[in-house]
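Reviewing the structure listed below.
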Amino acid sequence: MKRAVICYTLAAKEDTMWEPANDLEAQRLEKLNRLKQQGVDPYPPRVERTHTIAQAVTEFEAAEQAAGDMEPIPVTICGRMRAHRPQGKSAWGDVEDGTGQVQIWVKLDEVGEAAMDLYKKDVDLFDYVQVSGTMMRTRRGEVTVEANNLTLLAKSLSPLPVVKERKLDDGTIERYGGLTDPETRYRERYADLAVNPDVREVFRTRARTIKAIRDYLDAAGFLEVETPILQPLYGGAAARPFMTHHNQLDQDLYLRISFELYLKRLLVGGFDAVYEIGRDFRNEGVSRKHNPEFTQMEFYKAYIDYTGVMAIVEEMLSTVVQAITGGMTITPEKGTIDFTPPWDRITLRDAIREQSGIDYVDYPDAESLAAVMKEKGVHVTEGATWGRLVDTLLGEFVEPGLIQPTFLLDYPRDISPLAKRKPDDPSHVERFELFIGGLEVGNAFTELNDPIDQEDRFRQIRELYAEGSDEYNPIDEDYLNAMRYGMPPNGGFGMGIDRFVMLLTGRDNIREVLLFPALREKDEG
RNA sequence: GGGGGUGUAGCUCAGUGGAAGAGCAGGGGCCUUUUAAGCCCUUGGCCGGGGGUUCGAAUCCCUCCACCCUCACCA
């Protein structure tokens, strides 16, 4: 049943069998058919690998070190052809698997005419091959598999761009060719990954980063949980949601915009420290810093306030940076960023006052604040609320300068409905945002656990923003119900994993750290 | 959504009103220590789609599409 649906979808898109789009594909198809006629299966079901490429090289180098008299090391490796250097009755090539790359040397004497013909005539770049042979080192010092057998494992029908590399005298590697068109790279990420090893490295770093965060939180006693992605109500952030519908329940559902309200329900349930790493969905503009779905990490811990959160975040992220880079610093283009704790702490009010000369408490309503901002030449959105104006000041004057990890403290109450008031200043809440490299990467509160105050805040927000506006949030009665049973005092933190990975990998576009970033569907014609 | 830019061979790019080009990849030939292998020969294009101006358009104009940058929007 499921299969039929899939076939139908594909058929609707493209109703005819694939045909070669150009000479290169036609030639490769011809080779494929020629091989089939010779009785060669171009996609055999079985392989006989004895070594990964990394294992083969390591084993050989260890043997070289160990003894003067070396036993020959027989290996069978598998991989994809990355370079092809035919040379009469012998031929060189480079084969790559997931562990590395090695040179192969195919000689007529060793492999015989059939395999030599296969290699020279019918094996193309990006074909998969299995090579049996003996490890050796060439005169120029390159570790090489001297082949005595070569078989095809999988034929490549569409050519990928060739990348050539040259090692310069100073040891740096100069690269030629490749796949650089961003549209093709994002649409056909498989091709991008196949030809660009540095792109593969970005996603390895991404995986290691997430693992390091998970390891830290697990070790610190947090419980990893999973909460609904499909939610009857959305909340925990100010963002427009995606909507969907469950047929049998006949119920509209939203894709979550944050994890917050469900994770804090779990504190009511008796878990003292929980976290979740997963996907959030926001139906908003796509940009260098925004993708409609993105990976978020949120944790909540009972019996700490936002200063306790800061301590955890400092330790967690510096530990992660250490695990990824081996040091405490990263060096993107904006200069060295040092994660050594403690990090800078400054109140939002002081930061804005220092950078813009505006003390927003002197302008307690939207009209007067908008007026003074216009005097300073700031673009002010028509009808913006006071809280939104403060946020504009932050984005305009403060954010770009926050290169070193910095906690920006104490936000106006009316843009932070889930945070607890400051005891000495009820107009502000105990909240911080974390900025690194000029990017907002995290957000945290001393979480509001007073159900009466929480309901009051929800109602104020609802009055402030009309239903249907971007900031509108439905009141989550069930969340209030949970809180009325008793929620421990707690601190919580949320962070955009993608943006943090951008910092660690030195990429300035979120699409560079997402395997399959959101793109508009391509319209034929 | 506004502004700017890009779109030419499989890939990376030149060409800005007068016979569509280069390098790499591909095909043929020579070559048994090459590694951006080399040398000789060579195939390959609805110049993003559509419309217009012109004797003539890859090039100028209009329009549509996609991508990039930027602004707006965005806890």
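The first sequence lines up with residues 6 to 530 when you count with this note's numbering. All C-beta atoms, glycine included, are put in the ideal place defined by N, C-alpha and C.
Determine the DSSP secondary structure at residue i, reduced to helix, strand or coil.
i           : result
residue 112 : strand
residue 154 : strand
residue 352 : strand
residue 95  : strand
residue 237 : coil
residue 106 : strand
residue 410 : coil
residue 479 : coil
residue 342 : strand
residue 117 : helix
residue 520 : coil
residue 416 : strand
residue 101 : strand
residue 504 : helix
residue 510 : helix
residue 79  : strand
residue 335 : strand
residue 126 : helix
residue 385 : coil
residue 85  : strand
residue 358 : helix
residue 68  : helix
residue 424 : strand
Which word fits residue i, buried or exposed, when buried means at least 16 other C-beta atoms lie within 10 angstroms of its C-beta?
i           : result
residue 301 : buried
residue 478 : buried
residue 357 : buried
residue 18  : Note that residue 18 has pLDDT 46, beneath the 50 cutoff, so the model's placement of it is unreliable and no number is given.
residue 22  : exposed
residue 577 : Because the chain is modelled from 6 through 530, residue 577 falls outside the range shown and cannot be assessed.
residue 251 : exposed
residue 42  : exposed
residue 278 : buried
residue 463 : buried
residue 229 : exposed
residue 366 : exposed
residue 149 : buried
residue 402 : buried
residue 189 : exposed
residue 384 : exposed
residue 398 : buried
How would you write the range of the alpha helix (DSSP H) that residue i sits in, first residue to last?
i           : result
residue 391 : 391-398
residue 327 : 311-330
residue 460 : 456-469
residue 380 : 371-380
With distances taken from CA atoms, which of the options is nearest residue i?
i           : options            : result
residue 497 : 53, 306, 458, 287  : 306
residue 29  : 130, 159, 235      : 130
residue 324 : 346, 342, 338      : 346
residue 170 : 200, 81, 303       : 200
residue 459 : 438, 502, 486      : 486
residue 98  : 78, 282, 147       : 147
residue 85  : 382, 443, 124, 525 : 124
residue 550 : 518, 489, 47, 40   : The structure shown does not extend to residue 550, since the chain is modelled only from 6 through 530, so no value can be given for it.
residue 168 : 157, 183, 158, 174 : 183
residue 510 : 100, 364, 214, 392 : 214
residue 233 : 270, 202, 224, 219 : 270
residue 158 : 47, 361, 520, 72   : 47
residue 60  : 117, 83, 52        : 83
residue 340 : 105, 410, 446      : 410
residue 93  : 112, 77, 107, 79   : 112
residue 321 : 221, 438, 204      : 221
residue 137 : 55, 96, 337, 191   : 55
residue 245 : 259, 332, 89       : 259
residue 371 : 388, 360, 363      : 388
Could you spell out the range, first to last residue, of the beta strand (DSSP E) harbouring residue i?
i           : result
residue 134 : 133-142
residue 501 : 495-501
residue 435 : 430-441
residue 167 : Premise fails: residue 167 is in no beta strand (DSSP E) and is neither H nor E.
residue 488 : No beta strand (DSSP E) contains residue 488, which is instead part of the alpha helix (DSSP H) from 482-490.
residue 448 : 444-451
(message) My parser needs the beta strand (DSSP E) runs of 3 or more residues fully inside the stretch 176-234; what are they?
(response) 178-182
(request) Kindly provide the ranges of any alpha helix (DSSP H) runs that are 4 or more residues long and lie completely inside the stretch 252-308, ordered along the chain. (result) 265-273
(request) Could you pull out every unbroken alpha helix (DSSP H) segment of at least 4 residues lying fully inside the stretch 12-59, listed in chain order? (result) 28-42
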